[in-house]
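Engineer: Residue numbers (my numbering): 225 to 337. Below: one structure in structure tokens.
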């Protein structure tokens, strides 16, 4: 089962958390935690004397602004696949009935990068 939740122990800063994650997202979560922990060490070196909560807050702001902190690629991909499937079905119906395809006048939103 692709969406099965599995338990995982992650270390964030100086704490260990037990979480449940989808098997499809495990690699993404582990890579993200690794990047976060590396950035915490970098901020500890640059700004000595702060407590761990300060470093985690700094990394949170960095991650949200630099990396994007957006939805995981699997979620964006699933949304995109759904929209493309709907568009394909509309095209098939229009072609099958010889109807002109309606042109959308409102601008489309772009998925997060």
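Glycine included, each C-beta is placed from N, C-alpha and C at the ideal position.
1. Would you say residue 240 faces chain C, with C-beta separation under 7 Å as the test?
2. Rounded to whole angstroms, what is the Cα-Cα separation between residue 289 and residue 283?
3. Is DSSP giving residue 320 helix, strand or coil here?
4. Run through DSSP, which three-state label would residue 233 get?
5. Assuming contact is defined by CB atoms lying nearer than 7 Å, are residue 253 and residue 245 in contact in what I supplied?
6. What are the boundary residues of the beta strand (DSSP E) that includes residue 287?
7. Would you list the one or two residues that DSSP bridges to residue 244?
8. Could you check if residue 241 is buried or exposed, using at least 16 other CB atoms within 10 Å of its CB as the buried criterion?
9. Spatial neighbours of residue 173 within its chain, please: CB distance less than 6 Å, with the 5 preceding and 5 following residues excluded, ordered by chain position.
10. Assuming residue 280 contacts residue 237 (C-beta within less than 8 Å), just tell me the rounded distance between them.
Structural biologist: According to the structure shown:
1. Looking for chain C here will not work: only one protein chain is present.
2. Taking the chain shown and counting its residues from 1, one reaches residue 289 at position 65. Taking the chain shown and counting its residues from 1, one reaches residue 283 at position 59. If I take the Cα positions, the gap works out to 10 Å.
3. Here residue 320 refers to the residue found at position 96 when the chain shown is read from its first residue. Residue 320: helix per DSSP, three-state reduction.
4. Looking up residue 233 in the chain shown gives position 9. Residue 233: strand per DSSP, three-state reduction.
5. Indexing the chain shown from 1 puts residue 253 at position 29. Indexing the chain shown from 1 puts residue 245 at position 21. Closer than 7 Å, so yes.
6. For the purposes of this step, residue 287 is identified with residue 63 of the chain shown, where counting begins at 1. Element bounds for residue 287: n/a, residue is neither H nor E.
7. Position 20 of the chain shown holds residue 244. For residue 244, which the question treats as bridged, DSSP gives the partners 231.
8. The residue you call residue 241 lines up with position 17 of the chain shown. Answer is exposed; the Cβ neighbour count stays below 16.
9. Outside the shown range of the chain (225 to 337) lies residue 173, about which nothing can therefore be said.
10. Along the chain shown, one-based indexing puts residue 280 at 56. Along the chain shown, one-based indexing puts residue 237 at 13. Confirmed, about 5 Å.
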